[in-house]
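Colleague:
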Amino acid sequence: MLPLQIHLTLPPWIGDVADAMRRYASDAERVGLAIELSRHSADHGGGPFGAAVFDRDNGRLIAVGVNRVIPQSCSVAHAETMALMIAQQRLSRHRLNEPDGYFVLACSAQPCCQCYGATVWSGIDELLIGARSEDVEELTAFDEGPLPSDWIGELERRHISVRRDILREQARTVLAAYGTSGMVY
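FYI, in the numbering used here the residues of the sequence shown are 31 to 215.
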């Protein structure tokens, strides 16, 4: 018989990093959490990427994600997709901002081509980015894949605002440490 479901999990240390009771009011606080998730992920043998979904209006943390590709044997288990899937399940919405709401995806690094596509369809209204894709490719062995030449414009045409370089140096520090660690994820 073919499997009828998929089961993806986050690591147990997530609760030590992400505070579900805290309100993350600023862009820096939101991206800072994503970077801290990326740091812990790399420190625990995972990929150096973290993401979090927030309700913009009250700063409530909805969901988080870290890269789980290898432990879950699932190529789509990137930090952003994990956070988006968990948020959608938690809110019982396949598009987070429908019928109402305004949601923010904060990422330790610019989404790869896969996560860019997921962002388009997820119902995110704002995308906050730490490191750029060129930082990821410069400091690690990851290939971020192709994006439209005007990827920011494409998102903005879909009413998704983009702000990047938020705590970029902190995000680059995590990527650099991972890149020099010799780990290959």
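Idealized CB from N, CA, C, for every residue including glycine.
Mapping the DSSP letters down to three states, classify E167 as helix, strand or coil.
Modeller: helix
Colleague: Since I believe L158 is in contact with V134 (beta carbons under 8 Å), could you give me their beta-carbon distance rounded to a whole number of angstroms?
Modeller: 6 Å
Colleague: Between the C-alpha atoms of H139 and G147, what's the straight-line distance to the nearest angstrom?
Modeller: The amino acid occupying residue 139 in the given sequence is Ala; His does not appear at that position. About 15 Å.
Colleague: Would you tell me roughly how many angstroms separate the C-alpha atoms of S103 and S122, rounded to the nearest one?
Modeller: 25 Å
Colleague: Please determine, among R52, V106 and S68, the residue with the shortest C-alpha to C-alpha distance to I92.
Modeller: R52
Colleague: Among the residues of its own chain, which have a CB less than 8 Å from the CB of A72, if the five just before and after it don't count?
Modeller: P78, V204, A207, Y208, S211 and M213
Colleague: For W151 and I196, what's the separation of their Cα atoms in angstroms?
Modeller: 23 Å
Colleague: Whole angstroms is fine: what's the gap from C145's alpha carbon to A58's?
Modeller: 21 Å
Colleague: Tell me which same chain residues have a C-beta within less than 6 Å of the C-beta of I182, skipping the five on either side of it?
Modeller: V192
Colleague: In this structure, what does DSSP give as the bridge partners for L157?
Modeller: Answer is L135 and V192.
Colleague: Is the number of C-beta pairs between the stretch 60-74 and the stretch 87-101 that are closer than 8 Å three or more?
Modeller: Taking 8 Å as the limit for Cβ pairs, the verdict is that the stretch 87-101 does touch the stretch 60-74.
Colleague: Can you tell which of R188, E186, R202 and N88 has its C-alpha closest to the C-alpha of C137?
Modeller: C137 has its Cα closest to that of R202, out of R188, E186, R202 and N88.
Colleague: At 4 residues or longer, and completely inside the stretch 53-94: list those alpha helix (DSSP H) runs for me, N to C.
Modeller: Runs found: 57-73.
Colleague: Residues in its own chain within less than 6 Å of F172 by CB, not counting five upstream and five downstream?
Modeller: V166
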